[in-house]
Every structure is written in structure tokens, then in C-alpha cells.
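The numbering of the sequence shown is our numbering, which starts it at 3 and goes up by one.
Glycine included, C-beta positions come from ideal geometry on N, C-alpha and C.
Encoded as C-alpha cells, the structure appears first; notes follow it.
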Amino acid sequence: MVTVPHDVPTVRPEYDVSEDALDALPVAPALFRFACLDPNAARREGLYVRRVVRADGASCVQVILFYRVQWVPYHRNDFAPFFVYLDANDALTRIVYDVGHHRAATLLPHPDLCLTVVAPWHALRPGRTALARRLRATELRLTDDVVRAWWYEPRTEAQLKLRSKLVDPWHPGLQGIGREHGTFRDEAACPRCGRPALMDDMEVRGPDLVRPTRCPVGHPFVAAYRGQRMAVEGALT
Ligand SMILES: [Zn+2]
């Protein structure tokens, strides 16, 4: 049994969190679904939302569409995140969404802005098809306790792997500069060569999460997400 550390922060201290609802925003993408069900509010499935505000007034509305079960392939807890970025005047600047396998794609402002949740594995796609139906989802608060329960989930496939980019939605790794996609996963620098390795589910050790891994050229090391410091670190084995 894992004890959830209730003092681990879920957002960097330089940001504020406000509780604006998604439908209260001046801009939000219309949401559709294709070949999957609506989330079941009775099972606390739905859109978990919080707004992270920067000192200059720019903000990011973090949304995690949560299902209790992914049927194909089967595992508990499935998360489809998207982040809505607004400038200090609440004008939309971009949306970053999970296109599948935690890869982050960017959608720029457009008059008919929509996202479709696709298939039993709940990937997000821009736009909608003729057969897509409007997604009906309850909005829930993405509180610290909700985030911590998902982070410290001992069943690995059920664990939320969105950590360093949840605490900092302006993390450059979400943009995928120089790559086709950014990533919602943590990136740990190899202590030998500095190349980044992408994290997956991790073993819970108190407030820390650890995972033995290899960098892209094969150096073995241990990656850690240090919960109290919100830092991703790599150490030689
Ligand atoms: Zn290396």
C-alpha cells in the first residue's frame, strides 16, 4: 500500500491557481467524441480543470479528461490532457493536446476550434468528423489531492505520467522545439551524455518517483522525479 504524500506541491510556487470553469472562459475548444463513450459522472469521470496564472497575467487552463478504464488495451485510469493558453487579456494563444502516447501537438487559434476524443484509447484529434458526437462531460476540480492520488497510484499502468509539465505548463518540452511533437512525459537528462530519456510510469519511493532507464544511446541510469522539489534528475546506477 502506497501512502500518498499530502505535502508534495502540484504547481510551481511562482504561479497562482484559480478555479475558473472551462465553460466560463471566453474561448474554449468545442469537444466531440468518436468511437468512445461519454465519461460517466457517477464514477467521477469527466473533465478535471484548473487554471494556472503567471505573474504577467498570462494563464494556462489545464484540462485532463479522465476515464476510470481504458478498454483497448485494458488498464485502469486513462488520461487525455489538453492545455488552453491565454494571454493577459484572456485571448487564446494556443492549445497543446495529447495526440496519443503522451505526444503533445499544438493547435493555433482558429474560428472553428474543436477537439475530438477518438477511440477506446482516448487520443485527441483536431477538428471533428461527420460521425463525431458532442462530448458530454461533467467538469470537476483538478485539486492537489486529485493530482497526488493519480501521481502516487501504485498500479503502474494506472499512474498519471504528467508531472513536470503539470507543475509548469510553460515547460519548453511541451512545444517540441526541433521535433515533430512535444511530450507530456518527463524528460530526464542522461548523467553521462546529457541526452534526454522519456519517463513512463515510475516506482513510488516516499515523495519521489524513480525508474531505471537508458538514454537514447544506451547509457543506463536511474531517473527520478523529486516530488518536493518538482525536479527531474538522472543519477548513474
Ligand atoms: Zn547517455
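- Every unbroken stretch of the alpha helix (DSSP H) spanning 4 or more residues and falling wholly within the segment 124-159 is given here in chain order: 146-153.
- Taking C-beta separations shorter than 8 Å and ignoring five residues to either side along the sequence, the partners of phenylalanine 85 in its chain run Cys62, Val63, Gln64, Val65, Ile97, Val98, Tyr99, Pro171, Leu176, following chain order.
- Among the bridge pairs identified by DSSP, alanine 225 is matched with Arg213, Gly236.
- Here the C-alpha atom of arginine 213 lies approximately 43 Å from the C-alpha atom of alanine 132.
- For valine 4, no alpha helix (DSSP H) encloses it, and the DSSP letter there is neither H nor E.
- Taken from the Cβ of valine 71, every heavy atom of ligand 1 lies 6 Å or farther away.
- If you check the CB distance, alanine 199 and threonine 140 do not come in under 7 Å.
- By alpha-carbon distance to tryptophan 153, the top candidate from Arg14, Gly196, Gln161 is Gln161.
- Per DSSP, valine 169 is one residue of the alpha helix (DSSP H) stretching across 166-169.
- Sequence-distant partners of arginine 130 (beyond 5 residues in either direction) whose C-beta falls short of 7 Å from its own C-beta, in its chain, are Phe34, Cys116, Thr118.
- C-alpha of glutamate 235 to C-alpha of glutamate 21: approximately 31 Å in a straight line.
- By the Cβ-count criterion, glutamine 72 is buried, with 16 or more other Cβ atoms from all chains shown falling within 10 Å of its own Cβ.
- For histidine 183, same chain residues with a beta-carbon under 7 Å away, outside a window of 5 residues either side, are Val101, Arg105, Ala106, Ala107 in chain order.
- Under the three-state reduction of DSSP, glycine 208 is assigned to coil, being neither helix nor strand.
- The distance from the Cβ of valine 4 to that of valine 54 is about 26 Å, inconsistent with a contact at the 8 Å cut-off.
- Closer than 6 Å to some heavy atom of ligand 1: that does not describe the Cβ of valine 224.
- Using a Cβ distance threshold of 7 Å, aspartate 203 and threonine 158 count as a contacting pair.
- The beta carbon of glycine 48 is closer than 7 Å to those of Pro41, Phe68, Ala139, Thr140, Glu141, Leu142 in its chain, skipping five residues each way along the sequence.
- Taking 7 Å as the cut-off, the Cβ atoms of valine 120 and phenylalanine 36 count as close.
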